[in-house]
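Count along the sequence shown from 1, then add 574; that gives the number in this note's numbering.
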Amino acid sequence: MVKLVDIIQPVEKQQIRAEGDDYDEAKAALSAQIPEGWQLLSIVNERSLPVPFPRAS
């Protein structure tokens, strides 16, 4: 008989926004908003987007 145990977590995405005078300042402000237990997946500069990025509700 084989018994297995797994640790799972929900997959949820949330968008956050931040501004700063330069990239490093904006990134620090963005990082400060990441809730405990969450992981940063990507950073997108809004100026490089072809269409407006949808806001999180």
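We put the CB at the ideal spot given by N, CA and C, even for glycine.
Here the structure is a predicted model, which means the values were calculated and not measured.
What do you reckon, are the CB atoms on ALA600 and ALA606 nearer than 8 Å?
Cβ atoms of ALA600 and ALA606: not closer than 8 Å.
To the nearest whole angstrom, what separates the beta carbons of LEU604 and ILE581, a pair I think is in contact under 8 Å?
Actually they do not touch by this definition, with Cβ atoms about 28 Å apart.
By alpha-carbon positions, which one of GLY594, GLU586, GLN613 ends up nearest to ASN619?
Ranking the options by Cα distance to ASN619, first place goes to GLY594.
Nearest CA to the CA of TRP612: which residue from GLN583, ALA602, ASP598?
It is GLN583 whose Cα lies nearest to the Cα of TRP612.
Are the CB atoms of LEU615 and ILE608 within a distance shorter than 8 Å?
In terms of Cβ geometry, ILE608 and LEU615 do not form a close pair [threshold 8 Å].
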